[in-house]
DNA sequence: AAAACATTTGGTTATTTTGCCAAAAAAGAA
DNA sequence: TTCTTTTTTGGCAAAATAACCAAATGTTTT
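Residue numbers (the working numbering), protein chains in the order written: chain A, 83 to 187; chain B, 83 to 187.
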């Protein structure tokens, strides 16, 4: 692995890492039907305002979402919608793993 | 988010987390052209045998790769190849982020 | 059976991540 | 202006992750 390749894979891993958290993945999914404000997420997930806000910052810094302030609220939307397609493949991995593990019994 | 949804997103996040590391992502990519043994990875990446082995365990437990012991060596291969398609979308995110950040200047 | 090779496991330490709380900011309403 | 409302920031403690070393395991080779 060359130094250039190393930097490349580090950048890629950073993007995946941003999505690799239950709450952030759920947020990404919620955004598939359009933008939402922070308060809407807080109502639906039982965590602190500040926790949601930090998750959104992670997604934003990774380039997955973008935000816009309108009035008192901040609205977030998906910047690159293809990340939603990850979910299908991830579910295929999970399903295959369940099959594999049941065969071990 | 219902308890069932919560478990679902936790499982999904676990799969993404397994890929969200530069070395593991690189390993997944190497496996796109077929199986490789552990020693081949160790030669290419400058880390300890045990470190590579642990990364492979993470990928295996997530259901992304599977392994087979033949003789002295253990061969790993991709179990669900669709994970390779993540890379294209991830690169799109990175590119868009570079554009966004350059516009800020 | 002993030595050599390939890989995994256990243990330790350093770093990163997560989530909560309290406080600060920013905007609108009274 | 002062009071709310909405969101972000800073700080802190707990938990998870990563990488190394040494030791253990399982397989061939001698």
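Glycine residues also receive a C-beta, built at the ideal position from the N, C-alpha and C atoms. Since we're looking at a predicted model, the values are computed, not measured.
Asked                                                                                                           : Found
Any alpha helix (DSSP H) of 4 or more consecutive residues that is wholly inside the stretch 109-149 of chain A : 120-126, 131-143
Among B:95, B:93, B:128, B:86, the one whose alpha carbon lies nearest that of residue 88 of chain A            : B:128
Continuous alpha helix (DSSP H) stretch holding residue 89 of chain A: start and end                            : 85-101
Residue-level contact to chain B via CB, residue 94 of chain A, 8 Å cutoff                                      : yes
Proximity winner among B:96, B:157, B:146, relative to residue 124 of chain B (alpha-carbon distances)          : B:157
Straight-line Cα distance separating residue 155 of chain A from residue 168 of chain B                         : 32 Å
Residue 107 of chain B and residue 94 of chain A closer than 8 Å at C-beta                                      : yes
Min CB distance residue 110 of chain B to chain A below 8 Å                                                     : no
Collapsed DSSP secondary structure at residue 166 of chain A in the structure displayed                         : helix
Residues that residue 164 of chain A contacts on chain B, provided the C-beta gap is smaller than 7 Å           : 171, 174
Terminal residues of the beta strand (DSSP E) in which residue 186 of chain B lies                              : Neither: residue 186 of chain B is in no beta strand (DSSP E) and is coded neither H nor E.
Beta-carbon neighbours of residue 168 of chain B, restricted to chain A and to distances below 8 Å              : 98, 168, 171
Same chain, Cβ closer than 6 Å to residue 166 of chain B, five either side skipped, listed in chain order       : 114
Chain-ordered chain B contacts of residue 88 of chain A [CB-CB under 8 Å]                                       : 104
Residue-level contact to chain A via CB, residue 133 of chain B, 8 Å cutoff                                     : no
Sub-8 Å separation of residue 138 of chain B and residue 172 of chain A beta-carbons                            : no
Neighbour list for residue 107 of chain A in chain B, Cβ cutoff strictly below 8 Å                              : 91, 94, 95, 98
Member of A:105, A:122, A:96, A:117 whose CA lies at the smallest distance from the CA of residue 92 of chain B : A:105
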